[in-house]
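> Keeping their order, the protein sequence lines are chains A and B.
Under this note's numbering, the residues of the first sequence are numbered 1087 to 1610, in order.
Under this note's numbering, the residues of the second sequence are numbered 743 to 1023, in order.
Backbone N, C-alpha and C define an ideal beta-carbon position, used for all residues, glycine too.
Being a predicted model, the structure only gives us computed values, none of them experimental.
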Amino acid sequence: MKMLRLTLSFALAACAFGQGLDPSLLKKLPTTSWPTYNGDYSGRRFSPLTQINSSNVHQLSLAWASRFSSSNAATGVVIKAMPLLVNGILYFSSPNNVWAVDVRSGRELWHYTYRHNAGSTIGNRGVGMYENWLFVEMPDSQLVSLDASTGKERWKVQIANPKLDYTSTAAPIVVGNHVLVGIGGDHLDNPGFLESHDPETGALQWKWFTTPRKGEPGIETWPDEYAAAHGTGQTWIPGTYDPELNLYYLGTGNPNPVMAEKSRKGDNLYTCTIVALNPDTGKLVWHYQVSPHDVHDWDATETTVLVDGEVDGKPRKLLLQASRNGYFFVLDRTNGQHILTKPFIDTLNWTKGLNAKGQPVPDPAKYPSTDGVLVSPASNGGTNWPPPSYSPQTGLFYVGTNKNFSMYYLTDTDPRPQGWGGVDRPAGNEGGALLAIDYKTGNTVWRHDWPSGNGVVGMLTTAGNLLFTSNGNNFIAFDPKNGKILWHAGLTANPSNAPMTFMVDGKQYVLIAATDTLYAFTMN
Amino acid sequence: MMMTRKWAVALLAAGTACLWAQEPPTPPANPAAAVAGAKEDPAAVARGAQAFGTYCAGCHGPSGRGGPGAPDLVRSLLVLDDEKGILIAPVIRDGRPDKGMPKLNLTEPQISDIVAWLHVQTYAAGHRTTYEFKDVLTGDPAKGKAYFNGAGGCSSCHSPTGDLAGIAAKNDPISLQSRWLLPRSPRRRGGGSSNSANPGSAALTAKVTLPSGETVSGTVEHIDDFTISLRDSKNQFHSFTRNGDTPKVEVHDPIQAHTDLLRKYTDADIHNVTAYLATLK
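1. Given that a residue counts as buried once 16 or more other Cβ atoms are within 10 Å of its Cβ, and exposed if not, what is Gly955 (chain B)?
2. Is DSSP giving His994 (chain B) helix, strand or coil here?
3. Just to make sure I have the definition right: I need the residues of chain A whose C-beta is within less than 8 Å of the C-beta of Arg817 (chain B). Which are they?
4. Arg835 (chain B) lies in the alpha helix (DSSP H); which residues open and close that run?
5. Among B:Lys1023, B:Leu972, B:Asp967, B:Thr1016, whose alpha-carbon lies nearest the alpha-carbon of Gly1569 (chain A)?
6. Starting from Tyr1495 (chain A), find everything on chain B with Cβ-Cβ shorter than 7 Å and list it in chain order.
7. Could you name the residues of the same chain whose beta carbon sits closer than 7 Å to that of Ser1119 (chain A), not counting the 5 residues immediately before and after it, in chain order?
8. Run down chain B in chain order and give the residues with a C-beta less than 7 Å from the C-beta of Phe1491 (chain A).
9. Name the DSSP beta bridge partners of Trp1120 (chain A), please?
10. Of all the options A:Ser1206, A:Glu1194, A:Pro1474, A:Pro1378, which has the alpha carbon lying nearest to the alpha carbon of Ala1256 (chain A)?
11. Do you know how far the Cα of Tyr1327 (chain A) is from the Cα of Gln1291 (chain A)?
12. Quick check: is the beta carbon of Arg1410 (chain A) nearer than 7 Å to any beta carbon in chain B?
13. Can you pull the DSSP bridge partners for Thr849 (chain B)?
14. Could you name the residues of the region 1546-1574 of chain A whose beta carbon sits closer than 7 Å to any beta carbon of chain B, in the order they occur along the chain?
15. If you run the structure through DSSP and keep just helix, strand and coil, what is Ile1305 (chain A)?
16. Please work out which residues of its chain come closer than 7 Å, Cβ to Cβ, to Ala911 (chain B), disregarding the five sequence neighbours upstream and downstream, and give them in chain order.
17. Does Leu1250 (chain A) come within less than 7 Å of chain B when only Cβ atoms are used?
18. Can you tell me whether DSSP reads Gln1423 (chain A) as helix, strand or coil?
19. Mind pulling the chain A residues with CB within less than 7 Å of Ala831 (chain B)?
20. Since Gly1319 (chain A) and Gly1368 (chain A) are thought to touch, with beta carbons under 8 Å apart, how far apart are those beta carbons, to the nearest angstrom?
21. Let me know the alpha helix (DSSP H) ranges lying completely inside the region 1274-1335 of chain A, each 4 residues or longer, listed in chain order.
22. Residues in the same chain with beta-carbon distance under 8 Å from Thr746 (chain B), minus the five sequence neighbours each way, listed in chain order, please.
23. Which residues of the region 956-982 of chain B have a Cβ closer than 7 Å to any Cβ of chain A? Give them in chain order.
24. Can you list, in chain order, the residues of the region 830-857 of chain B whose Cβ is nearer than 9 Å to any Cβ on chain A?
25. In three-state terms, what does DSSP make of Asp967 (chain B)?
26. Please report the distance separating the alpha-carbon of Val1507 (chain A) from that of Pro1329 (chain A).
27. Just the chain A side, please: which residues come within less than 7 Å of Asp987 (chain B) by C-beta, in chain order?
28. Could you spell out where the beta strand (DSSP E) holding Gln1407 (chain A) opens and where it closes?
29. What does the alpha-carbon distance come out to for the pair Pro1472 (chain A) and Val1184 (chain A)?
30. Please report the distance separating the alpha-carbon of Met1586 (chain A) from that of Glu1311 (chain A).
31. Does Ala1600 (chain A) have its Cβ less than 7 Å from a Cβ in chain B?
32. So what does DSSP say about Gly1368 (chain A), is it helix, strand or coil?
33. Could you check if His1283 (chain A) is buried or exposed, using at least 16 other CB atoms within 10 Å of its CB as the buried criterion?
34. Could you check what DSSP says for Ser935 (chain B) in three-state terms: helix, strand or coil?
35. Would you mind sorting Lys1489 (chain A) into buried or exposed? The rule is 16 or more other CB atoms within 10 Å of its CB.
36. If you measure between the beta carbons of Thr1321 (chain A) and Leu1266 (chain A), is that distance less than 7 Å?
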């Protein structure tokens, strides 16, 4: 009987495999698949699965652990990618590498290795998928498409000049027949952009520069076109998408020169900004800048989480972001209208308060200086790229945070500063904490202060009344209502991506990567 | 008309170059004879800095970042794209008369030196580990001393004739400021959970009280929500499973006073204390 069931499920899986990704899955809560970076387009990282739940999670145990190696991983394989799960196959990447793995066993189906190159290998956030094609960025700024069945390369297109020190790490997001591709890197003062490629041919469909060009709205927030064109504002974390509004939401990175602001007076749109774009045209529909005139390297790239919630008793389509600058923002995602701004760490010392639109007003006394200024948060922020989660069951937003400080030094006093133009040195840290934030008030409803370790880690919530996250090398399940720890397991290394969950053959799994190893947990 | 204007720019450029050469030798803003990690020969870069200052800086600015009528070379795609002068050298050799850049009749070694200098400029701009700090000693040593002995409370743990004697001789001002603000690696709170990278007096210590009332104290090897491990004064290892508040764990962080000051310092306090400590040679 068991044999027969296995054979049948194998046949079904084999059948399904090769049909590619059903695009309707992208618009549903993730259950038997995880077809895009955050599981679905909303960025909530909330799963409706309940097989693993707060009453049985103490029995959660290992299904398999699988380790990956590569001849092209200079410092060893580090999986920072969010794997995709489609038709029983996991697809994930590390710089220069892509793997396909059987989710039932952790065994490798194929391994694609890219050519050796000089590009930055700081990380790779994952692959995007359209039908049976995969898309992934390589360190030398090539966008590569692979056949998901075989791992064979279909095409590659150059998305940026590799000599310009871009860091090509972003996970492509597929919306309709658009492969949306972002980029990172602020070492030199290169233009930031998001672009869209044709999934079949790789042809460029549109390119949106994150800073305005001559004659475009927003150019008045720069001294001149030259400063705007070199104002950077990168797009290295995938955005979120509302199919009903047909809007793609994205947080943009910091302006350049990063810490030397002399040559870029003004608000510097659209850097450190939450933007809504039409994915068919690449046209900007609305924007809200969370850090006008940033000088502290606080990319506002953190996930823009889409929540259908309530404000003053009325249903609203909302967008939530806990931003690297230490503030939590709530916007109306239909039009960008500001609803709420609240600090989520109480060490912030860089603003003169909020303006009428709820934007922090930077205090010039806290701009980097040659002898140093003490600022909280530190340059790596009150939070950072590890994704938060929102549970509609609790109405709470969960985010990993640090209360940290840096000394910010201006090193480039030239009238035309370039690159970073300054540096920061760590000056102290009051510690990391997991926060559960009520989006209606911005208040922290409960918090868990970690005894040690980095507080900025990724989150997952489920309808089984569970919150999965990590601290040090511990993978941990919390009760999302009250912050009680329900389960943990020590891994061989600190988790390097965020947890995900799905159902296969009637069993729910929770998956997480720690450096070169994927761990799958289930109810055995 | 257009022609006239271009020639005027060229003449002006040539004139400025001449003027530049006649001025007392002004070092470029970024002399960068050697930048850690850059591949170019430091001697060639140093010669290139001189040649650039003489022939190019008049239009492109002393740091090569552009001037009136001439582009920023550090952000130039041509410069960034160049390898071994293949793209840059022809431009220097022939000029760009159509754009107002004169032909300067430089020798091939001069051109190759300028190429080396330009490559170091783009490298330096893109590598912040090579950035040089400016003057950190802007504070008032007397006020720093008063803060040290007064509001800062520093003197309750530290002494200028004891642990801090000669500290300024061992640290340049930026290292001094960084170290006294954060006397150990930030990894204990920021990135890691192990104390092993922070041996010595800055290590965490803890007292563990078991339900029986027995206590164990020592240096923390590791702490998280689930375990705490210590080495006692005899270097014996102890490890305990934590379950909420059992056993009772009291952690003592020897740099807690520094952490507590983070919310209290003004930037002037910090600069004053650094200026004071810099007198402790």
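Result, derived from the coordinates:
1. The residue given as residue 955 (chain B) occupies position 213 in the second sequence. Exposed, since its Cβ has fewer than 16 Cβ neighbours within 10 Å.
2. For the purposes of this step, residue 994 (chain B) is taken as the residue at position 252 of the second sequence. DSSP places His994 (chain B) in strand when its eight states are reduced to three.
3. Locating residue 817 (chain B) in the second sequence gives position 75, where the first residue counts as 1. Within chain A, the residues near Arg817 (chain B) are Leu1274, Asp1275, His1316, Gln1504.
4. Numbered from 1 along the second sequence, position 93 holds the residue referred to as residue 835 (chain B). Its alpha helix (DSSP H) spans residues 830-836.
5. Counting from one through the first sequence, the residue named residue 1569 (chain A) turns up at place 483. For the residues B:Lys1023, B:Leu972, B:Asp967, B:Thr1016, the minimum Cα distance to Gly1569 (chain A) belongs to B:Asp967.
6. Taking the first sequence and counting its residues from 1, one reaches residue 1495 (chain A) at position 409. Near Tyr1495 (chain A) (Cβ distances below 7 Å), the residues of chain B are Phe875.
7. For the purposes of this step, residue 1119 (chain A) is taken as residue 33 along the first sequence, with counting starting at 1. Result list for Ser1119 (chain A): Leu1111, Leu1171, Val1172, Phe1588, in chain order.
8. Residue numbering aside, residue 1491 (chain A) sits at position 405 when the first sequence is read from its first letter. Simply Leu1004.
9. Locating residue 1120 (chain A) in the first sequence gives position 34, counting from the first residue. DSSP output for Trp1120 (chain A) lists A:Leu1171 as bridge partner(s).
10. One-based indexing of the first sequence puts residue 1256 (chain A) at position 170. Selected option, being the one with the closest Cα: A:Ser1206.
11. Translated into positions along the first sequence, residue 1291 (chain A) becomes position 205. Translated into positions along the first sequence, residue 1327 (chain A) becomes position 241. When rounded, the distance between both Cα atoms is 18 Å.
12. By 1-based counting over the first sequence, the position of residue 1410 (chain A) is 324. It does not; no Cβ of chain B falls within 7 Å.
13. Sequence index remark: in the second sequence, residue 849 (chain B) carries index 107 (1-based). In DSSP, Thr849 (chain B) forms no bridge with anything.
14. Asn1557, Gly1558, Asn1560, Ile1571, His1574
15. Translated into the one-based positions of the first sequence, residue 1305 (chain A) becomes position 219. The answer is helix: DSSP assigns Ile1305 (chain A) an H, G or I state.
16. The sequence position of residue 911 (chain B) within the second sequence is 169, counting from 1. So the list reads Lys1023, once near-sequence residues are dropped.
17. The residue labelled residue 1250 (chain A) in the question sits at position 164 within the first sequence. It does; some Cβ of chain B falls within 7 Å.
18. Reading the first sequence from its first residue, position 337 is the one you call residue 1423 (chain A). DSSP places Gln1423 (chain A) in coil when its eight states are reduced to three.
19. In the second sequence, residue 831 (chain B) corresponds to position 89, counting from 1. Near Ala831 (chain B) there are no residues of chain A at all, since even the closest Cβ is about 17 Å away, more than 7 Å.
20. Here residue 1319 (chain A) corresponds to residue number 233 of the first sequence, with the count starting at 1. Here residue 1368 (chain A) corresponds to residue number 282 of the first sequence, with the count starting at 1. Wrong, their Cβ atoms sit about 15 Å apart, outside the cutoff.
21. 1311-1315
22. Counting from one through the second sequence, the residue named residue 746 (chain B) turns up at place 4. Because Thr746 (chain B) carries a pLDDT of 38, less than 50, the predicted location of this residue cannot be relied on, and the following value inherits that uncertainty. Result list for Thr746 (chain B): empty, nothing under 8 Å.
23. Ile965, Asp966, Asp967, Phe968
24. none
25. Looking up residue 967 (chain B) in the second sequence gives position 225. Coil, per DSSP.
26. In the first sequence, residue 1507 (chain A) corresponds to position 421, counting from 1. In the first sequence, residue 1329 (chain A) corresponds to position 243, counting from 1. Reading the sequence as shown, one finds Gly at residue 1507 (chain A) and not Val. Those two C-alpha atoms are separated by around 41 Å.
27. Taking the second sequence and counting its residues from 1, one reaches residue 987 (chain B) at position 245. The contacting residues do not exist; Asp987 (chain B) stays about 12 Å from chain A at best.
28. Counted from its first residue, the first sequence places residue 1407 (chain A) at position 321. Start and end: 1400-1408.
29. In the first sequence, residue 1472 (chain A) corresponds to position 386, counting from 1. In the first sequence, residue 1184 (chain A) corresponds to position 98, counting from 1. If you take the alpha carbons of Pro1472 (chain A) and Val1184 (chain A), they lie about 21 Å apart.
30. Counted from its first residue, the first sequence places residue 1586 (chain A) at position 500. Counted from its first residue, the first sequence places residue 1311 (chain A) at position 225. So the two alpha carbons sit approximately 43 Å from each other.
31. Mapped onto the first sequence, residue 1600 (chain A) falls at position 514. No, because no Cβ of chain B sits closer than 7 Å to the Cβ of Ala1600 (chain A).
32. Against the first sequence, residue 1368 (chain A) aligns to sequence position 282. If DSSP states are grouped into helix, strand and coil, Gly1368 (chain A) belongs with coil.
33. Locating residue 1283 (chain A) in the first sequence gives position 197, where the first residue counts as 1. Looking at its Cβ environment, which holds 16 or more other Cβ atoms inside 10 Å, His1283 (chain A) is buried.
34. Counting from 1 along the second sequence, the entry for residue 935 (chain B) is found at position 193. Here the model assigns Ser935 (chain B) a pLDDT of 41, short of 50, so the residue's position is not dependable, and the following value carries that caveat. Note: Ser935 (chain B) maps to coil in three-state DSSP.
35. For the purposes of this step, residue 1489 (chain A) is taken as the residue at position 403 of the first sequence. Flag for Lys1489 (chain A) reads buried.
36. In the first sequence, counting from the first residue as 1, residue 1321 (chain A) sits at position 235. In the first sequence, counting from the first residue as 1, residue 1266 (chain A) sits at position 180. Contact flag unset, no.
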